[in-house]
Amino acid sequence: MTRGFVHSPSPTRVVFGAGTVAAVAEEVRRVGGSRVLLLARPRHAERVAAALGELVVAQFDGARMHTPVEVTAQALDVLKSAAADCVVAVGGGSTTGLAKALAARTGVPQVILPTTYAGSEVTPVLGETENGRKTTRRSPDVLPETVIYDVDLTLGLPVPTTVTSGINALAHAVEALYSPEANPQVDAVALQAIRSITHALPLVAANPSDVDARAELLESAWLAGTCLSVSMGLHHRLCHLLGGQFDLPHAETHTVMLPQVMAYMEKEAPAALARVAEVLDVPDAAAAVFDLVVSLGGPTSLRELGLTESSLDGIEPATVLRAAWEGRRPEGAPELSALTAQVIGSFDETPDPRLKRLLTDLVRHLHHFAVHNDLTEEEWLFAIDFLTRTGQISDDKRKEFVLLSDTLGVSSIVDALTNSRSPLTTPSAVLGPFYVEGPPAMEHGADISGGLDGEPLWVSTAITDVDGTPVPGAVVDVWQSNKDGFYDVQLPDLDGPVLRARFVADDQGRLEFWTILPKEYPVPEDGPVGQMLGGTNRHPYRAPHVHFMIMAPGHHKLVTQLFVKGGRYLDSDTVFGVKDGLIVDFPVAEGAPPAGREVTGGWRRLDYTFRIGR
Ligand code: BEZ
Ligand code: FE
7 MTRGFVHSPS PTRVVFGAGT VAAVAEEVRR VGGSRVLLLA RPRHAERVAA ALGELVVAQF
67 DGARMHTPVE VTAQALDVLK SAAADCVVAV GGGSTTGLAK ALAARTGVPQ VILPTTYAGS
127 EVTPVLGETE NGRKTTRRSP DVLPETVIYD VDLTLGLPVP TTVTSGINAL AHAVEALYSP
187 EANPQVDAVA LQAIRSITHA LPLVAANPSD VDARAELLES AWLAGTCLSV SMGLHHRLCH
247 LLGGQFDLPH AETHTVMLPQ VMAYMEKEAP AALARVAEVL DVPDAAAAVF DLVVSLGGPT
307 SLRELGLTES SLDGIEPATV LRAAWEGRRP EGAPELSALT AQVIGSFDET PDPRLKRLLT
367 DLVRHLHHFA VHNDLTEEEW LFAIDFLTRT GQISDDKRKE FVLLSDTLGV SSIVDALTNS
427 RSPLTTPSAV LGPFYVEGPP AMEHGADISG GLDGEPLWVS TAITDVDGTP VPGAVVDVWQ
487 SNKDGFYDVQ LPDLDGPVLR ARFVADDQGR LEFWTILPKE YPVPEDGPVG QMLGGTNRHP
547 YRAPHVHFMI MAPGHHKLVT QLFVKGGRYL DSDTVFGVKD GLIVDFPVAE GAPPAGREVT
607 GGWRRLDYTF RIGR
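Under our numbering, the first residue of the sequence shown carries the number 7, and numbering increases by one thereafter.
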């Protein structure tokens with residue numbers, strides 16, 4: 007389904023860095039200000055006042071959480087009596103909220119210097135409280151003109167506030183992903199914000215004066231704040247309600263509620279929550295955020311914020327609020343990384359470093375696969391049985407494991423990694439399960455079809471180096487199916503090998519032979535691989551082709567296939583073996599057939615030069 011969206015980028019100017027507080031006077035002048043009302047706590051006021059110099063005409067430090075209208079009225083008096091024409095706010099969400107409230111009433115331009123991660127400085131949203139009721143308005147008039155992020159201003163933010171404020175920022179990014187107004191730009195920003203907030207928060211908590219981690223956190227809080235350009239959902243609704251009604255602390259409430267709401271949204275918006283889990287590389291996003299809060303020492307229950315259980319009566323969704331009141335860990339997969347680490351550790355003494363690396367990575371991916379998909383015992387036993395049957399049906403002619411690797415595309419991946427490194431050589435293609443060692447040697451001009459029915463095909467090929475020099479004496483094995491799509495090894499009634507042969511290239515590096523035109527054919531469907539194809543509604547067909555294996559001393563072995571141009575299934579080959587460079591013309595031929603062959607009806611030819619590398 008095409009999603010529609012409206013995106014209206016914010017006009018707010020953003021100045022980011024360390025020491026950027028020095029730019030505040032210039033930024034005030036840029037917005038046309040000459041008489042500044044400074045809203046700031048004493049802790050930051052001095053620094054910013056010094057940078058503003060004579061521009062400051064008044065100060066106010068009474069900002070309060072949830073922007074009560076009576077506080078705004080006091081600040082408004084100060085603004086008016088000082089004839090201020092600009093507000094500069096230094097602080098967290100409360101100070102920013104007051105600046106916005108003043109702008110909403112007077113239209114004064116705002117320059118904001120955030121000292122926390124709340125993000126409200128980049129939103130056109132103003133939440134205010136009057137008589138215990140929270141009201142929210144959204145208007146471009148409250149959007150600050152300029153935001154100056156100075157990481158130095160955040161260095162002193164205590165760890166508990168850092169944690170709750172950081173989780174508050176995380177909530178903006180998470181809720182943006184399932185907003186009905188979501189758009190691809192906000193999605194991308196939200197995912198990046200989630201990635202970097204969860205990366206930086208533990209680093210800052212461990213070392214609050216780690217400037218790089220502080221900068222990452224501040225940057226990502228800005229990103230998360232910009233996500234508020236789309237409407238927020240359940241989490242913000244509940245936090246506003248709880249904040250307005252019970253005067254709960256803002257960031258702490260966000261911190262308690264986020265994992266609980268995420269757990270609820272796993273059912274309502276599974277795709278969005280799955281994206282969060284993916285960037286966090288965890289099986290369950292809600293449980294992971296809960297665990298993160300615990301590890302950072304943040305609050306996990308409304309109870310510890312001082313709320314009584316009965317105050318939640320009648321508020322929906324009751325299950326979410328009960329879980330939040332208790333601080334219940336959202337049910338996710340158990341924490342299994344220690345087990346994975348233990349298994350990986352068991353390979354520590356492996357003498358062969360390559361073996362150690364491959365086993366370690368295999369275990370890591372297998373465990374991740376199991377955890378990520380919440381694999382059931384029944385599913386795993388099915389997989390083991392599937393592999394057991396794959397082994398049981400295999401022998402030297404029936405190579406079901408090769409077929410499994412082919413139909414899952416792994417053979418083509420390994421082939422591409424190993425063989426297709428040079429554009430100068432003929433592309434390679436998968437070996438497949440029907441190659442048989444030591445095919446019968448044949449002379450040039452021979453017919454390899456053993457007299458089987460089919461449209462006669464004359465194959466004339468040359469083997470050369472990448473520069474076109476012939477490679478005489480190259481050993482060339484060819485094999486293909488009959489006109490019904492069967493290889494000889496699939497036909498027990500056939501007497502000896504047919505449609506397979508070994509040639510040796512002549513002095514000019516050439517070889518020629520008769521065969522029949524190959525057709526599309528199904529890979530064997532009577533085993534586990536057939537069950538996989540059937541169970542996934544995949545067709546079992548390979549596009550029509552002839553196999554070649556070319557070996558010459560001093561050259562890399564080339565295993566490849568030539569596909570019949572215009573043949574069926576070229577774009578949906580069931581083993582993913584077709585490459586554009588291997589699709590060639592097998593044209594209807596004119597004139598007398600070569601090598602003394604008598605042909606009734608038409609015949610075709612294939613002319614091709616293989617280039618092999620050293
Ligand atoms: C084949 O072309 O012979 C083949 C390759 C992969 C799987 C099945 C058949
Ligand atoms: Fe084949």
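Glycine residues also receive a C-beta, built at the ideal position from the N, C-alpha and C atoms. Predicted, not measured: the structure shown is a model, and the values here were computed from it.
Quiz item: Excluding five sequence neighbours on each side, which residues of the same chain lie with their C-beta closer than 6 Å to the C-beta of residue 608?
Solution: Apart from the 5 residues on each side of it in sequence, residue 608 sits with its Cβ closer than 6 Å to the Cβ of 594 in its chain, given in chain order.
Quiz item: Does DSSP classify residue 392 as helix, strand or coil?
Solution: Note: residue 392 maps to helix in three-state DSSP.
Self-check item: Among 124, 122, 82, 87, nearest to residue 105 - alpha-carbon criterion
Solution: Checked all of 124, 122, 82, 87; the closest Cα to residue 105 is 82.
Quiz item: How many whole angstroms separate the CB atoms of residue 55 and residue 63, which I take to be in contact at a CB cut-off of 8 Å?
Solution: That belief does not hold up - the Cβ atoms of residue 55 and residue 63 are roughly 11 Å apart, past 8 Å.
Quiz item: Between residue 400 and residue 233, what straight-line distance do the alpha-carbon atoms span, to the nearest angstrom?
Solution: Rounded to whole angstroms, residue 400 and residue 233 show a C-alpha spacing of 55 Å.
Quiz prompt | Proximity winner among 498, 515, 495, relative to residue 481 (alpha-carbon distances) | solution = It is 515.
Quiz item: Can the beta-carbon of residue 241 be found less than 9 Å from the beta-carbon of residue 329?
Solution: Remark: C-beta atoms of residue 241 and residue 329 do not approach each other more closely than 9 Å.
Quiz item: In chain order, what residues of the same chain have a beta carbon less than 6 Å from the beta carbon of residue 579, not counting five sequence neighbours either side?
Solution: So the list reads 548, 549, once near-sequence residues are dropped.
Quiz prompt | Reduced DSSP category for residue 440 - H, G, I as helix; E, B as strand; rest coil | solution = The answer is coil: DSSP assigns residue 440 none of H, G, I, E or B.
Quiz item: Less than 8 Å between the CB of residue 487 and some heavy atom of the ligand FE, yes or no?
Solution: Yes, since a heavy atom of the ligand FE falls inside the 8 Å radius drawn around the Cβ of residue 487.
Quiz prompt | Inter-residue Cα distance where the pair is residue 555 and residue 566 | solution = Distance between residue 555 and residue 566, taken at the CA atoms: about 6 Å.
Quiz item: Three or more C-beta pairs closer than 8 Å, one from the stretch 268-279 and one from the stretch 354-372: is that the case here?
Solution: At 8 Å Cβ cutoff, the stretches do not touch.
Exercise. Count the CB pairs spanning the stretch 198-207 and the stretch 143-156 that are closer than 8 Å, and state whether there are at least three.
Key: Fewer than three Cβ pairs drawn from the stretch 198-207 and the stretch 143-156 lie within less than 8 Å of each other, which leaves the two stretches out of contact.
Quiz prompt | Contact test: residue 509 Cβ vs the ligand BEZ heavy atom, cutoff 8 Å | solution = In terms of side-chain proximity, the C-beta atom of residue 509 is found no nearer than 8 Å to any non-hydrogen atom of the ligand BEZ.
Exercise. Less than 8 Å between the CB atoms is what I'm expecting for residue 72 and residue 135, so what's the real figure, rounded?
Key: With a contact defined as Cβ atoms closer than 8 Å, residue 72 and residue 135 qualify at about 4 Å.
Quiz prompt | residue 343 CB to nearest heavy atom of the ligand BEZ below 8 Å | solution = The answer is no for residue 343.
Quiz prompt | Secondary structure of residue 154, DSSP reduced to three states | solution = The answer is strand: DSSP assigns residue 154 an E or B state.
Quiz prompt | N-terminal and C-terminal residue of the beta strand (DSSP E) that residue 412 is part of | solution = Per DSSP, residue 412 belongs to no beta strand (DSSP E); it is in the alpha helix (DSSP H), 406-413.
Exercise. May I ask you to check if the CB of residue 400 is nearer than 8 Å to at least one heavy atom of the ligand BEZ?
Key: Distances taken from the Cβ of residue 400 to the heavy atoms of the ligand BEZ include none shorter than 8 Å.
Quiz prompt | Contiguous alpha helix (DSSP H) assignments of at least 4 residues, all confined to the stretch 169-240 | solution = Restricting attention to alpha helix (DSSP H) runs no shorter than 4 residues, the stretch 169-240 encloses them at 190-212, 217-232, ordered along the chain.
Exercise. Using the DSSP secondary-structure output, state which residues sit across from residue 528 in a beta bridge.
Key: Beta-bridge partners of residue 528 (DSSP): 547.
Quiz item: Over what stretch of residues does the alpha helix (DSSP H) that includes residue 367 continue unbroken?
Solution: Residues 359-378.
Exercise. Examine the Cβ distances between the stretch 25-32 and the stretch 247-265 and report whether three or more of them are shorter than 8 Å.
Key: Result no; under three Cβ-Cβ pairs closer than 8 Å.
Self-check item: Contacts around residue 592, its chain only, beta-carbon distance under 6 Å, and the 5 residues preceding and following it disregarded
Solution: Hits under 6 Å: 570, 610, 612.
Quiz item: Which residues in the same chain as residue 192 place their Cβ atom closer than 7 Å to its Cβ, once the five residues preceding and following it in sequence are excluded?
Solution: Here the set comprises 182, 233, 235, 236.
Self-check item: Assigned secondary structure, residue 348 (DSSP; H/G/I helix, E/B strand, else coil)
Solution: Three-state DSSP puts residue 348 in a helix.
Quiz item: Measuring CB to CB, does residue 97 end up less than 9 Å from residue 120?
Solution: Judged by their CB atoms, residue 97 and residue 120 are nearer to each other than the 9 Å cut-off.
Quiz item: Under the three-state reduction of DSSP, which class applies to residue 609: helix, strand or coil?
Solution: Looking at residue 609 - three-state DSSP - the assignment turns out to be coil, as it is neither helix nor strand.
Exercise. Determine the burial state of residue 174: buried for a count of at least 16 other Cβ atoms within 10 Å of its Cβ, exposed for fewer.
Key: With 16 or more other Cβ atoms within 10 Å, it is buried.
Quiz item: Under a three-way DSSP split, which group does residue 263 fall into?
Solution: In the structure shown, residue 263 sits in a helix (DSSP, three-state: H, G or I).
Self-check item: Beta-carbon proximity check, residue 20 vs residue 189, cutoff 9 Å
Solution: The answer is no: Cβ separation not under 9 Å.
Exercise. Return the Cβ separation of residue 271 and residue 184 in integer angstroms, given the expectation that the two are a contact with Cβ distance under 8 Å.
Key: That belief holds up - the Cβ atoms of residue 271 and residue 184 are roughly 6 Å apart, short of 8 Å.
Exercise. Below 8 Å on the Cβ atoms is my guess for residue 16 versus residue 128; work out the distance and round it to an integer in Å.
Key: Beta-carbon to beta-carbon, residue 16 and residue 128 are separated by about 6 Å, close enough to satisfy the 8 Å threshold.
Practice problem: Under 7 Å Cβ to Cβ from residue 517, same chain only, skipping five residues before and after it: list those, please. | Solution: Exclusion of the five residues before and after residue 517 leaves 450, 467, 482, 509, 511 as the residues of its chain whose Cβ lies within less than 7 Å of its Cβ.
Quiz item: Does any heavy atom of the ligand FE sit closer than 8 Å to the C-beta of residue 438?
Solution: Checking every heavy atom of the ligand FE against the Cβ of residue 438, one is found closer than 8 Å.
Quiz prompt | Proximity below 9 Å, CB of residue 454 to CB of residue 520 | solution = Result yes, Cβ atoms of residue 454 and residue 520 sit closer than 9 Å.
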